[in-house]
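Residues in the sequence shown are numbered consecutively from 11, following our numbering. Input: a single structure, listed below in C-alpha cells.
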Amino acid sequence: MILMFYYPLIQRELNLSTPSIAKSIQTDILVIGSGIAGLSIALKMAKTQTITILAKGSLNEGSTNYAQGGIAGVLDPFDSVAAHIEDTQNAGAGLCDPKAVAIVASHATETIQELIELGVPFSKESDKDSAFHLTQEGGHSHRRVIHAADHTGQTVLETLIARVKEHPNITLLPNHMTIDLVRNKKRNRCIGAYALNQEENSICAISSLYTVLATGGASKAYLYTSNPDTSTGDGIAMAWRAGCKVGNMEFNQFHPTCLFHPKDRSFLISEAVRGEGGILRLPDGKAFMHQYDERADLAPRDIVARAIDQEMKKHGIDCVYLDISHKPVNFIQKHFPTIYQRCLQVGIDITKEQIPVVPAAHYTCGGVVTDLEGKTSLDGLYAIGETAYTGLHGANRLASNSLAEGLVFAKMAHKSIAQALANDHIENEYVRPWDTTGITDPKEKVLVSHDWDELRRVMWDYVGIVRTNTRLQRAKQRVKNLHKEVHEYYRQHSLHRDLLELRNLVQVAELMIISAQKRKESRGLHYNLDYPHLHKKPKATILKPKPRKLQSM
C-alpha cells in the first residue's frame, strides 16, 4: 500500500487586516537574513558601524540551522588548497569560476579559525585529543570537513546568535519580512528596504548606507525539499525587481533520499546509509539501482536522484524505499543513531522496516550575480551566501562548500564595504513611507494557498531532476499565468508573509525556467532529455531584467 499524503503549504495563521505605517529606521548597514553569512558579516561590521539584522521569522529559522555535514577547508597537513580547488572544479562540471574557487579554498581555513575563536565547539578526535576530527565527503579527495557531530549548522548558528545578541551596535529585528529594496533611480543605488513587522502588523521604511542580502536559496519552489519554509528565494527576487542580474538559476541540487512522511517533511537520510549497505527498493520490494549504474546504490548523487525520479514517474508512485533492515540492530544503532531516533519518532523502526524516501530540492547553485567582493550590479547592494551567484559552485555544489562560501564572502564583503566607507562620504537618504492607497483587506486566503500548491507541483513535475523542452514550455506558461495572478493580488490587497513569499517564489521559479530553456545541453544538475550531450565551451547563464519591467521604488 502506497503512503499518500498532502503537505500543508500554509503553516501560519494569516493576519488579513491592512498593515499600518511604522516609524522609519536608519542604520549604517542593513543585513537581510540571519544565517551563517548574514550573522558573520554583521559581527565584522559592528566593530565600527551600526547594524540592523532583519529575519522574517526567528533568528535560527533558516537553512544554516539544518546543515548536518560541516565546513570544507584545508586543515590537514597532507591536504592542500590546490586539491580543494581541483575537487571543487571537478564537482562543478566545467562551470566554476576559477577565481571564486581559489578565493574560497584559500580563505576557508582562516574563517573556520575565526569560528573556533568565537567558541564554536567543533568535534575532536577524542576527549583526550586536541585535534579536530575531519570527515571526507563525496567529491573530496582528502579529509577536510570540520564538523560538530551531525548538527554543525545548528551549533555554529547558536554561537553566532549568542555573539550578535550581546553586541551593542547590532539591532535584531526578528519577524520582519522584507518586502522590497529601495532604489535611488538617478544614482542607481540601493538606499534601504521596506519590511513588514509581523508582530505589530506594520510596514517600516529602513534607510541604510549599505544593504547586504543573505537570505538563502529557493528550494521551497519545489514540492519536496530538505530546506525549511524560509527558503523562498526572497533575496534573488528582490534583487531582480531592483534591476540586478541573476546567474545559473537552472542548477538546483536535489538530494536523492529525503524522508517521506507527513510528520517530518525535511529530514535527510544520509548517503552513508547506502554506503553501509542500504538498498533502494520499489514498493513491491524489488531493487532497481542496478538497472541504472553498475555501482547500483553506491552511484553518485545525481545518478541516484534521476533513477528514483524515473521509477516514481514510471510506476506512478509517491516514493521509493531505502532498506537497511538486513543489517544487525546494534550496527544500525551505532552507525546511524540520529536517523534511527528521528525515524522512530514518526513510527518507523529502521532495524525492521524500510524508510520511505523521495529526492528533494536541496541547494540553489545560482543566484544574484556578484563580483568577488559580494557586490551586485546595483550600487550599495551586496549579496552573500546561497542567495548569491559567485561562480564557486558551477553546475553542481561540492559537499560542505556552502557554509565555507558564506563565511568567506562575508569576509570579502566586509573588507569591501569598510574600504568604501573609509574612502567615500555617504549619508543615509530619505525613504518615504509605504503607500497603502487603494489597498483592501482580502476576504479569503484560498488564492494564496492554491497558487502556492500549484506552483510547487508544476516545478516538481516539469522543472525537476529530469527535464524536456515540452515540460519546460508547459511550466513556463503555467508559471507565467501564476505570476500575473499573484502580482494583481499583491497590488490590490494588504500584505502578509505568505503572500510575500509566494510573490518571490513565483518570480524565482520563472527565472529558473527561463535559465533552463537557455541551456541546450545536459550538465551537472541540469539534465534535459532533448539535449543529452555536453557543450565543448560552456558558459554561465546570465539573465538581466529589462528596465521597462522594473517596479517603481
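Just so it is clear, CB atoms sit at the ideal spot from N, CA and C, and this is done for glycine as well.
Contact test: residue i Cβ vs the ligand FMN heavy atom, cutoff 7 Å
i, result
"Phe142", "Here there are no bound small molecules, and the ligand FMN is not part of this structure."
As assigned by DSSP and simplified to three states, the class of residue i
i, result
"Ser90", "coil"
"Ile12", "For Ile12, the pLDDT reaches just 32, beneath the cut-off of 50, and the residue's location in the model is therefore unreliable, although a value from the coordinates is still provided. Coil at Ile12, not helix or strand."
"Gly245", "helix"
"Gln146", "coil"
"Val356", "coil"
"Leu19", "Any answer about Leu19 is weak, because its pLDDT of 36 lies below 50 and its placement is not dependable; what the coordinates show is given next. Residue state, collapsed to three classes: coil."
"Arg407", "coil"
"Val314", "helix"
"Ser212", "strand"
"Ser218", "strand"
"Arg533", "strand"
"Asn514", "helix"
"Ala224", "coil"
"Ser387", "coil"
"Thr37", "strand"
"Glu71", "coil"
"Gly79", "coil"
"Glu363", "coil"
"Ile122", "helix"
"Asn237", "coil"
"Tyr392", "strand"
"Arg305", "coil"
"Pro338", "coil"
"Thr58", "coil"
"Gly416", "helix"
"Ala103", "coil"
"Lys544", "Lys is not the amino acid found at residue 544; the sequence shown has Leu there. It is coil, neither helix nor strand."
"Arg197", "coil"
"Val111", "helix"
Residue environment, residue i, which counts as buried when at least 16 other CB atoms sit within 10 Å
i, result
"Glu396", "buried"
"Phe622", "Missing from the structure shown is residue 622; the chain here goes from 11 to 563 and no further."
"Pro557", "exposed"
"Gly326", "exposed"
"Asp38", "buried"
"Glu120", "exposed"
"Asn538", "buried"
"Leu13", "Low confidence applies to Leu13: its pLDDT is 34, below 50, so where it sits in the model is not reliable enough to give any reading."
"Asn198", "exposed"
"Ile523", "buried"
"Cys268", "buried"
"Gln99", "buried"
"Leu544", "exposed"
"Asp294", "exposed"
"Ile180", "buried"
"Pro452", "buried"
"Ser276", "buried"
"Arg284", "buried"
"Ile126", "exposed"
"Gln208", "buried"
Counterpart residues of residue i in DSSP-defined beta bridges
i, result
"Cys268", "Leu278, Val368"
"Leu382", "Paired residue(s): none; Leu382 is not in a bridge."
"Gly257", "Gly377, Ile552"
"Asp333", "Ile289"
"Gln263", "Tyr373"
"His503", "Thr450"
"Lys134", "Phe142"
"Leu64", "Ile42, Leu183"
"Gly202", "Val192, Ser217"
"Ala297", "Arg291"
"Tyr399", "Val379"
"Asn207", "His186, Ser212"
"Asn538", "Arg477"
TODO: Please determine if the segment 433 to 449 and the segment 258 to 265 are in contact, where contact requires at least 3 C-beta pairs separated by less than 8 Å.
DONE: no
- [ ] Check whether the segment 355 to 366 touches the segment 300 to 308, taking contact to mean three or more Cβ pairs, one atom from each stretch, closer than 8 Å.
- [x] no
TODO: Examine the Cβ distances between the segment 387 to 407 and the segment 368 to 378 and report whether three or more of them are shorter than 8 Å.
DONE: yes
Task: Whole runs of the beta strand (DSSP E) within the segment 138 to 190, excluding any shorter than 3 residues - done: 139 to 142, 180 to 183
Task: Given 8 Å, three or more beta-carbon pairs between the segment 529 to 542 and the segment 477 to 488 - done: yes
Task: At least 3 beta-carbon pairs within less than 8 Å: the segment 239 to 254 vs the segment 452 to 472 - done: no
Task: Sufficient close CB pairs (3 or more, under 8 Å) joining the segment 166 to 184 to the segment 84 to 93 - done: no
Task: Touching by the beta-carbon criterion (3+ pairs, under 8 Å), the segment 479 to 496 and the segment 220 to 231 - done: no
- [ ] Please specify which runs of the alpha helix (DSSP H), each continuous and at least 4 residues long, are wholly inside the segment 430 to 488, giving them in chain order.
- [x] 456 to 472
Open item on the list: For the pair the segment 277 to 294 and the segment 375 to 382, tell me if three or more CB-CB distances fall below 8 Å.
Closed with: no
- [ ] Report yes or no: do three or more beta-carbon pairs, one from the segment 442 to 457 and one from the segment 207 to 215, lie closer than 8 Å?
- [x] yes
Open item on the list: Taking 8 Å as the cut-off, does the segment 149 to 166 touch the segment 194 to 209 (at least 3 CB pairs, one atom from each stretch)?
Closed with: no
Open item on the list: Does the structure place the segment 38 to 52 close enough to the segment 131 to 151 that three or more beta carbon pairs sit under 8 Å?
Closed with: no
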